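Here's the structure we're looking at; comments come further down.
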Amino acid sequence: MTKLSGLTSQNSQLVECQACHDMGLIIHGDYATICRCQEVKRMKRLLKRSGISDAFRSKTFESYEANISILREAKKAAMKYAGGFMARGDGHYSIMLLGQPGAGKTHLAIAIANCLLDDFIPVLYTTYGDMVRELKTSQVDYQAFREAAQRYKEIEVLLLDDLFKNAYRQGEVRSTDLDAMFEIVNYRYMKKLPMVISGEHKTEELYRIDEALASRLIEMAAGRIITFDGIDLNYRMKGAVL
Ligand SMILES: Nc1ncnc2c1ncn2[C@@H]1O[C@H](COP(=O)(O)OP(=O)(O)O)[C@@H](O)[C@H]1O
Ligand SMILES: [Mg+2]
Ligand SMILES: [Zn+2]
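The sequence shown begins at 13 in our numbering and counts up one residue at a time.
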């Protein structure tokens, strides 16, 4: 948006968009068109609501180096997912990035989200831990719980990062955590709403943690489950951050 410091009139200093004077419309004689600033505003609102920070906006496909074949395949699959989103049809359309830490799972997941947001598709980023914590702590207040649950249920694309991270207590995942997660996943499963999921546990481990959850997630992402395993490369450990 243009800053209007150089302008003299008192009123126009308060105006954000010179093209439409913040009316959102440009009048051309007897008809009007929607001003471009409305699109920018929509994008800003979408980004704000997405939970994706400015730092995460730099995690793009362009900045994802794919110098070995497994990374090339992963990047290709993630790009295909993002590129095919609009024409996805009415089946399940989720994607999972699973496996070793530092492989760039979150980076690719965010790159997908950034692509979708650029196409004005609403995405909500959350970690599994944050989502489950919010759902559980809001349970004492029915209205707050409903609002939180609705947010995770209804968003067009839910990006769930770090599935089951730090979730183990005494060898298993707490049943209250699984219940909270199931409520969201089952809803999205029934409505065929897409999720982009990252996590260290591979599919066999997911089944071991919770079969009902795992089977839904795996069905939702069938054909789009990318597993990183035994890659001799760890950006985080090499310190090549951002
Ligand atoms: N192939 C890659 N190209 C560029 N940066 C990468 C790549 N893989 C990982 N990174 C960067 O390394 C850091 C760790 O990656 P991240 O996506 O968090 O890994 P994971 O989620 O698999 O643990 C991030 O800053 C990420 O941007
Ligand atoms: Mg990660
Ligand atoms: Zn305008």
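Heads up, the beta-carbon is just placed ideally off N, CA and C, and yes, glycines get one too.
The structure displayed is predicted, hence computed values, not measured ones.
The beta carbon of K71 sits closer than 6 Å to the beta carbons of H119, I122 and A123 from its chain, once the five residues preceding and following it are set aside; these are given in chain order. If you draw a 10 Å sphere on the C-beta of A44, you find fewer than 16 other C-beta atoms in it, and that means exposed. A179 is positioned such that its CB atom lies closer than 9 Å to that of G141.
Under DSSP, the beta-bridge partners assigned to V185 are Y180. Between the region 195–207 and the region 94–106, the count of Cβ pairs shorter than 8 Å is three or higher; the stretches touch. Along the region 105–152, the alpha helix (DSSP H) occurs as fully enclosed runs of 4 or more residues at 117–130 and 140–149, listed in sequence order. DSSP, reduced to helix, strand and coil, places D191 within a helical segment of the structure shown.
Separation of the CB atoms of M143 and L172 is rounded to 7 Å, and the pair is thereby assigned contact status at 8 Å.
Two segments are said to touch when three or more pairs of C-beta atoms, one from each, lie closer than 8 Å; by this definition the region 155–172 does not touch the region 76–88. Looking at the backbone, the Cα of D153 and that of S62 are separated by about 24 Å.
For the pair K148 and A192, the CB atoms are nearer than the 9 Å cut-off. In this structure, ligand 3 has a non-hydrogen atom nearer than 8 Å to the beta-carbon of A31. For T72, no beta strand (DSSP E) run applies, since DSSP gives it neither H nor E.
From the listed residues M232, H104, E212 and A31, the smallest Cα separation to G242 is found for E212.
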